[in-house]
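A.B. asks: Be aware that the sequence shown starts at 1440, since it is given in the working numbering, and climbs by one per residue.
For glycine and all other residues, C-beta sits at the position ideal for the given N, C-alpha and C.
It should be emphasised that the depicted structure is a prediction, and the values quoted were computed from it without experimental measurement.
Below you will find the structure I want to go over with you.
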Amino acid sequence: MTNKQDQDFIEVVAIEKEAAPRDRVCFYGGAHYLSNMYIAEFTDGDTTYNCVEQYFQTAKAALFKDTATQSLIMSTKAPIKQKQLGKKVKPFDKAEWAKEAYAVVLRGLRLKFITSAQAADLGAQLLSTGSSELVEASPRDVVWGVGLGRERAKTHVGPWRGKNLLGKALMEVRRELEEEVAATEQKSHLKRKAVDDIATSETEKTVKCHRKVVV
């Protein structure tokens, strides 16, 4: 190759690398463990929720003091029905709810992946995604999802049509879990080191005692 060809080849490779989609996990539907509709019971205060969707929609009804709808959401076990009821909350202020919604989902996800009865398994699955981008591949949702179906989302290049707020919240919880695991491992390492140091110290004392006896 000539120098010009070398440079052209390098530029083509760089462009292809930049265009290639990063590792990602695309999910959609209640059967997937990353979905808000996945059944994973957890408790917040004195109230038990069967999934993050129920937690989310109940919080919406509570914010706007719609106690009737709130009660219906809590008595309904089907996540899709909970979502439908949440759309009936009134009075409803979209801008006001937008200020609170992300924090509500984030707390619900923390409860799901850290304190629920299935937290050990769910947390391990979440951590197993590594540094992959987590993508809610909802073809119609451009707020919580990316506005694309699963197959298109897998190979999509460039900015998403949607904000992918659920994916971002999940990645935030994953980062918190990673930090918690790292801190636990550090504590475990320090504890083992302390035990080893004590054992070494006791051994040295024993050796010194034997030496004194021999002398």
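Enumerate in chain order the residues of its own chain whose CB-to-CB distance from isoleucine 1512 is below 8 Å, with the five nearest sequence positions on each side excluded.
C.D. replies: Position 73 of the sequence shown, counted from the first residue, corresponds to residue 1512. These residues qualify, in order along the chain: Gln1493, Gln1496, Thr1497, Ala1500, Gln1521, Leu1524, Gly1525.
A.B. asks: Evaluate lysine 1538 with the Cβ neighbour count: other Cβ atoms within 10 Å of its Cβ, from every protein chain shown; 16 or more gives buried, anything less gives exposed.
C.D. replies: Here residue 1538 refers to the residue found at position 99 when the sequence shown is read from its first residue. Answer is exposed; the Cβ neighbour count stays below 16.
A.B. asks: Roughly how many angstroms lie between the CA atoms of tryptophan 1583 and alanine 1592, to the nearest whole one?
C.D. replies: What you label residue 1583 is simply residue 144 of the sequence shown in a count that begins at 1. What you label residue 1592 is simply residue 153 of the sequence shown in a count that begins at 1. Approximately 14 Å between the Cα atoms of the pair.
A.B. asks: Here's a check: name, in chain order, each residue in its chain whose Cβ is nearer than 7 Å to the Cβ of asparagine 1489, leaving out the five neighbours to either side.
C.D. replies: Within the sequence shown, residue 1489 is the residue found at index 50, counting from 1. So the list reads Ile1478, Glu1480, Lys1516, once near-sequence residues are dropped.
A.B. asks: Given a cut-off of 8 Å on the beta-carbon distance, is the pair proline 1530 and phenylalanine 1552 in contact?
C.D. replies: Here residue 1530 is taken as the residue at index 91 of the sequence shown, counted from 1. Here residue 1552 is taken as the residue at index 113 of the sequence shown, counted from 1. In this structure, phenylalanine 1552 does not lie closer than 8 Å to proline 1530 by Cβ.
A.B. asks: DSSP three-state call for arginine 1463: helix, strand or coil?
C.D. replies: The sequence position of residue 1463 within the sequence shown is 24, counting from 1. Three-state result, arginine 1463: strand.
A.B. asks: To the nearest angstrom, how far is it from the Cα of serine 1571 to the Cα of leucine 1565?
C.D. replies: Counting from 1 along the sequence shown, the entry for residue 1571 is found at position 132. Counting from 1 along the sequence shown, the entry for residue 1565 is found at position 126. The straight-line gap from Cα to Cα measures roughly 10 Å.
A.B. asks: Determine the extent of the alpha helix (DSSP H) in which tyrosine 1488 is found, giving its start and end residues.
C.D. replies: For the purposes of this step, residue 1488 is identified with residue 49 of the sequence shown, where counting begins at 1. Taken as a continuous stretch (DSSP letters only), tyrosine 1488 belongs to no alpha helix (DSSP H), being part of the beta strand (DSSP E) at 1486-1488.
A.B. asks: Using a threshold of 8 Å, state whether the C-beta atoms of tyrosine 1472 and arginine 1589 are closer than that.
C.D. replies: The sequence position of residue 1472 within the sequence shown is 33, counting from 1. The sequence position of residue 1589 within the sequence shown is 150, counting from 1. For tyrosine 1472 and arginine 1589, no; Cβs fall outside 8 Å.
A.B. asks: For arginine 1600, which option in Ala1563, Ser1577, Arg1613, Val1544 has the closest C-alpha, if you only look at C-alpha atoms?
C.D. replies: In the sequence shown, counting from the first residue as 1, residue 1600 sits at position 161. The shortest C-alpha separation from arginine 1600 is found at Ser1577.
A.B. asks: Would you kindly work out how many angstroms separate the C-alpha atoms of valine 1543 and threonine 1594, rounded to a whole number?
C.D. replies: As a first step, residue 1543 is located in the sequence shown; it is residue number 104 there, counting from the start. As a first step, residue 1594 is located in the sequence shown; it is residue number 155 there, counting from the start. Cα to Cα, valine 1543 sits roughly 30 Å from threonine 1594.
A.B. asks: Quick one: grab the DSSP three-state call for histidine 1628.
C.D. replies: Here residue 1628 corresponds to residue number 189 of the sequence shown, with the count starting at 1. Confidence is the limiting factor: at histidine 1628 the pLDDT is only 48, short of 50, which leaves the residue's position unreliable and the question unanswerable from this model.
A.B. asks: Check valine 1620 in the structure and name its three-state DSSP category.
C.D. replies: Taking the sequence shown and counting its residues from 1, one reaches residue 1620 at position 181. If DSSP states are grouped into helix, strand and coil, valine 1620 belongs with the helices.
A.B. asks: Between which two residues does the beta strand (DSSP E) holding phenylalanine 1503 run?
C.D. replies: By one-based count along the sequence shown, residue 1503 stands at place 64. Element bounds for phenylalanine 1503: n/a, residue is neither H nor E.
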